[in-house]
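Position 40 of the sequence shown, counting from 1, maps to 133 under the working numbering, and the rest follow consecutively.
Working notes, structure below.
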Amino acid sequence: MTRATADVLAEVGRERERQTAKWGVQTLDPPVWLMVLGEEVGEANQAALEHQFPVLDKRAAQDGPRTLDAYRTELLHVAAVAVAAIESLDRQRAGQGTAQP
Numbered sequence: 094m095t096r097a098t099a100d101v102l103a104e105v106g107r108e109r110e111r112q113t114a115k116w117g118v119q120t121l122d123p124p125v126w127l128m129v130l131g132e133e134v135g136e137a138n139q140a141a142l143e144h145q146f147p148v149l150d151k152r153a154a155q156d157g158p159r160t161l162d163a164y165r166t167e168l169l170h171v172a173a174v175a176v177a178a179i180e181s182l183d184r185q186r187a188g189q190g191t192a193q194p
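As structure tokens, then:
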């Protein structure tokens with residue numbers, strides 16, 4: 094593993110900690126995780142699109158143009174949610190929890 098990969102994975106770990114502090118440990122059904130993950134992917138798409146085409150960014154006049162930092166942040170969210178979904182599945186398989194509504 095490269096140092097760059099280790100650094101990114103550490104960031105994903107910190108994002109997981111932030112998510113757990115905010116939402117607690119979540120044990121959700123796989124379709125629900127896919128919806129949450131899809132929402133995060135949508136936010137990454139939006140950040141990339143608004144960076145590429147600032148005219149589409151409704152908040153640009155107020156907040157300034159979107160940067161690739163916003164896109165990168167959303168990708169970290171995508172990765173952390175994917176990890177959360179795996180953790181949830183592993184808990185369910187180990188009998189440590191049932192899916193929440």
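In this text, a Cβ means the ideal position worked out from N, Cα and C, and glycines have one as well.
Since this is a predicted model, take the numbers as computed values, not measurements.
Next on the checklist: Using a 10 Å radius around the Cβ and a threshold of 16 neighbouring Cβ atoms, would you call L121 buried or exposed?
Outcome noted: Buried, by the Cβ-count rule.
Checklist entry - Under a Cβ-count criterion, where at least 16 other Cβ atoms within 10 Å of its own Cβ denotes burial, should A154 be classed as buried or exposed? => result Under this definition A154 is an exposed residue.
Checklist entry - So which of T160, G188, E167 has the shortest CA-CA distance to L130? => result Nearest C-alpha to L130: E167.
Checklist entry - So, helix, strand or coil for T160, using DSSP? => result Residue state, collapsed to three classes: coil.
Checklist entry - Span of the alpha helix (DSSP H) holding D100? => result In this chain, the alpha helix (DSSP H) harbouring D100 covers 96-116.
Checklist entry - Which residues in the same chain as P147 place their Cβ atom closer than 8 Å to its Cβ, once the five residues preceding and following it in sequence are excluded? => result So the list reads A153, P158, R159, once near-sequence residues are dropped.
Next on the checklist: Pairs of beta-carbons, one from the stretch 162-180 and one from the stretch 104-119, closer than 8 Å: are there three or more?
Outcome noted: The stretch 162-180 makes contact with the stretch 104-119: 3 or more CB pairs, one atom from each, lie closer than 8 Å.
Checklist entry - CA-CA distance, R186 and Q112? => result Going from the Cα of R186 to the Cα of Q112 covers about 22 Å.
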